[in-house]
Amino acid sequence: MIALGPAVPISRRSRMGVPVGVRANLSLALHRGDFDVVHGFEPGLPSLSYLALRGATGLAVATFVSAERLSYPPGKAQRGRLLGRLDALIATSPETAAAAAERFPGDYRVLTPGVDLGLFHPEPKRRLAVLEWRPTDRPIARSALHVLGELPGWELVFLRTKPLTGRPYVPRALRERVHLRTGRDGAARAPLLNEAAIFIPSTTGLARVALEAAAAGAAIATAPGVNEQPELAAAAFARLAENDALRGQRGAEARRAAEPQSFRALAAEVDGLYRELGTRRRSPRRARGADPLAGREWMVCDLHMHTSWSHDCRVEVGDLLFHAEEEGLGAIAVTDHNAFGGALEAVELARGRSLTVIAGEEVKTDGQGEVIGLFLSEEIPRGLSFADTIEAIRAQGGLVYLPHPFDRMHAIPDPATLHRHLADIDVFEVYNARLLFEGYNDEALRFARKYNLVAGAGSDAHVLQGVGTGAVRMRSFDGPEDFLISLRGAEILRRPKSLVYLQSLKWMAQAKERVR
C-alpha cells in the first residue's frame, strides 16, 4: 500500500482535478516501483487509475466495471494515447465490454467480478425477497410491492448499494413487511443475502451484488426483456414465491453457477493474463561489453527517406546519393511510397561508392497505416492487410520496420493491431524528423523501451535538406542479420531542422513540377 495523498470525498460531477502533489507522488511511485504490471480500474473517469495507466512504463491493464463510467477523457486523441499504452482490456460483463468498446476500441476479455464463497453461502432461507433498489427502478418496485400484497408471510427488503439513493414509496398496508437496508460492501450485504430466498436485481445495478446473491443460494427473479417490461421481474418473483420446489431448484442452480466465479478463480485468470502479457516483452539487450561487431567501423545511417519515385517527392536518385555522401552518411535506406524502382536505381548507382544503400519500400496497408520493408528484392503491392504486408516482406527475407507508429496526423495501426504483431516487428522507429509533434516520437520511444524493441530512426526526407536529420550511429554491417545485431547497440541521432522550412521546400518542388 502506497499513500499518495489525503483522500477527500467529492462528487463525480465535480470539476476538481487531481492535486499536483498527488500526481507527483504517483509519478514517483511508478518510477521507483519498477512494477511489472500496472492494473487500473475504471480509467474512463478522471481518476488516479487513468493517470497511473498514462504514466506506466511497464505492462498496463485496464478493467471497466460499469457501462456508465466511460466519459473521460473527452477527446478522441486523449483516448487514443491511453489505448496506445494499454496491453489488455477487461470488462466485467458483455454489456460493459460493448459500451466500453465504443469509446475505447479493442479486444476485450470478459471476466467475472468475483465473489467470496466463504462470506456468501446458503443458510436456512426465510420467506424473504431482496430487491436491489435504484430510483430508476420504480416500475419494478411498484410491481414487486403489488405482488407482495398477494403473498402472505413474505417480506421484502429494498437494498441500497449506493449512497444518497433515496427511499421508495411503500403503501401503508405493507409497511410491516417491507424494510429498507443499506449495504455498501460485501460484509454488510452477506447476512441479508445469505438468508434471502429470492433476489430481484436492478436493471442498472451492480453485477457483483447479483453474483453475491447467487453465491448465497438465492433464486434470481429476472426474465428476458425486463428492461422493456419491468413487470416481468415481479412476475418472476411471484412464480418463485408460490413454488417452493422451483425456488429451491433455482437457488441451487444459482449457487452452482457462482462457484466457478470465486475470487480464487478470478485471481488465477488474472495471473494467467499477466503471464501471457509478460511474453510480449523481448529479452533485455545484451550487455554492452559483448558486442559481436566490436571490430567494425562506426557509421551514420538514415533509415527512412524518399526519391522522385514517391508521389510526393521530387528528389532524383543520383542527387540523393551525392547529398547523403556530402552529409557524411555511411548508409541510407531508400523507402519510397508504394514503389521499389527508386531503391533498385539507388542500389545500382551506389556500386563502387562508399555509401551503402538498403533497398526498401514504404507500403500502405489496408487501413492500418504503413509498414516499411528493408532488404527487399521486389516491390510489394499496396492495399494488403497489415498481416499480409508483413508476410510479403518476410517472404523476401526482408526486415519489418514500423515507421512513425504514433503519428496521429496520418493513418497508423490501431493499438490492437500493434500489440497483435509485436513479435513480427524487427525495427521500431522511435525518431522521425518530420513529425509535427515531438510527443509522437516520445510515445514511440516509451513503447520501444517497454517491450525491449530494436529502435530505429530516419529523416523521412522528401527534400535534400532533410536528409540525415534523423539517423542512427551504428557499426557497419553486411546483410540483414548483421544490420539487426548492429542496431541493438546503436545510438539514436536527432538533428532536427525547422519542419516549416522543410515542408515549404517540398511544396515548392511539387508546385514547380506542376507548372512544367
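According to my numbering, the sequence shown holds residues 319 to 834 in order. For each residue, glycine too, the CB sits at the ideal point set by N, CA and C. All values derive from a computational prediction rather than experimental measurement.
(1) Return the bridge partner residues of alanine 773 from the DSSP annotation.
(2) Using alpha carbons as the reference points, say which of Gly535, Gly678, Arg557 lies closest to arginine 573.
(3) Give the straight-line distance between the Cα atoms of proline 610 and glutamate 587, rounded to the nearest whole angstrom.
(4) Output yes or no for whether 8 angstroms exceeds the beta carbon distance between leucine 400 and proline 361.
(5) For proline 423, which residues in the same chain have their Cβ closer than 8 angstroms to its Cβ, ignoring the five residues on either side in sequence?
(6) Who are the Cβ neighbours of glycine 467 in its own chain at under 8 angstroms, not counting the five residues just before and after it?
(7) For leucine 771, which option in Phe746, His439, Gly788 has the closest C-alpha, if you only look at C-alpha atoms?
(8) By a C-beta neighbour count over all protein chains shown, 10 Å radius and 16 as the cutoff for buried, is aspartate 778 buried or exposed?
(9) Looking only at C-alpha atoms, which of Pro442, His629, Gly774, His464 sits nearest to lysine 682?
(10) Quick one: Cα of asparagine 343 to Cα of histidine 349, how far?
(11) Could you check if alanine 651 is buried or exposed, using at least 16 other CB atoms within 10 Å of its CB as the buried criterion?
(12) Under 8 angstroms, do phenylalanine 704 and valine 689 count as touching if we go by C-beta distance?
(13) For a cutoff of 8 angstroms on Cβ pairs, would you count alanine 536 as touching chain C?
(14) With DSSP as the reference, label lysine 682 as helix, strand or coil.
(15) For arginine 341 and glycine 784, I'd like the C-alpha separation in whole angstroms.
(16) Please report the distance separating the alpha-carbon of asparagine 750 from that of valine 790.
(17) Taking 8 angstroms as the threshold (C-beta atoms), are leucine 529 and proline 431 in contact?
(18) Counting along the chain, where does the beta strand (DSSP E) carrying tyrosine 719 start and finish?
(19) Thinking just about the alpha-carbon of each residue, which of Tyr758, Ile743, Leu388, Glu696 is nearest to the one in asparagine 656?
(20) Whole angstroms is fine: what's the gap from proline 814's alpha carbon to threonine 787's?
(21) What do you get for phenylalanine 755, buried or exposed, if any count of 16 or more other CB atoms within 10 angstroms of its CB means buried?
(22) For arginine 726, collect the residues of the same chain with a Cβ closer than 8 angstroms to its Cβ; drop the 5 residues on either side in sequence, then sort them by chain order.
(23) Verify whether the separation of the beta carbon atoms of arginine 452 and threonine 483 is less than 8 angstroms.
(24) Which whole-angstrom value is the C-beta distance of alanine 541 and alanine 554, which I expect to be below 8 angstroms?
(25) Can you name, in chain order, every residue of its own chain whose Cβ lies under 7 angstroms from the Cβ of glycine 543, other than the five neighbours on each side?
(26) Is valine 496 closer than 8 angstroms to leucine 524 when the C-beta atoms are compared?
(27) Using three-state DSSP, classify glutamate 696 as helix, strand or coil.
(28) Going by DSSP, what residues sit across from serine 345 in a beta bridge?
(29) For glycine 715 and alanine 378, what's the separation of their Cα atoms in angstroms?
(30) List the whole-angstrom C-beta distance separating glycine 636 from threonine 674, where the pair is believed to meet the contact cut-off of C-beta under 8 angstroms.
(31) So is proline 337 buried or exposed if we call it buried at 16+ other beta carbons inside 10 Å?
(32) Buried or exposed: where does valine 428 fall if 16 or more other Cβ atoms within 10 Å of its Cβ makes it buried?
(33) Since valine 527 is in the beta strand (DSSP E), which residue starts that stretch and which ends it?
(34) If you check the beta carbons only, do isoleucine 518 and leucine 469 fall under 8 angstroms apart?
(35) Under 8 angstroms between the Cβ atoms of leucine 811 and valine 665?
(36) Are the beta-carbon atoms of alanine 575 and leucine 435 separated by less than 8 angstroms?
For this structure:
(1) Phe746
(2) Gly535
(3) 42 angstroms
(4) yes
(5) Leu401, Asp732, Ala734
(6) If we look at glycine 467 and ignore the five residues flanking it on each side, its Cβ neighbours are Pro489, Ala491, Leu492.
(7) Phe746
(8) buried
(9) Here the closest residue by C-alpha is His629.
(10) 10 angstroms
(11) It is buried - the Cβ of alanine 651 has at least 16 other Cβ atoms within 10 Å.
(12) yes
(13) In the structure shown, chain C cannot be found, because there is only a single protein chain.
(14) strand
(15) 39 angstroms
(16) 11 angstroms
(17) In contact: proline 431 and leucine 529 (Cβ atoms closer than 8 angstroms).
(18) 717-720
(19) Glu696
(20) 5 angstroms
(21) exposed
(22) Ala395, Gly398, Tyr758
(23) The answer is yes: Cβ separation under 8 angstroms.
(24) 5 angstroms
(25) Leu550
(26) no
(27) coil
(28) None; serine 345 has no bridge partner.
(29) 33 angstroms
(30) Between threonine 674 and glycine 636 the Cβ distance is about 16 angstroms, and since that is not below 8 angstroms, they are no contact.
(31) exposed
(32) exposed
(33) Note, valine 527: premise wrong, no beta strand (DSSP E); alpha helix (DSSP H) at 525-533.
(34) Taking a C-beta distance under 8 angstroms as the contact criterion, isoleucine 518 and leucine 469 do not qualify as a contact pair.
(35) If you check the CB distance, leucine 811 and valine 665 do not come in under 8 angstroms.
(36) no
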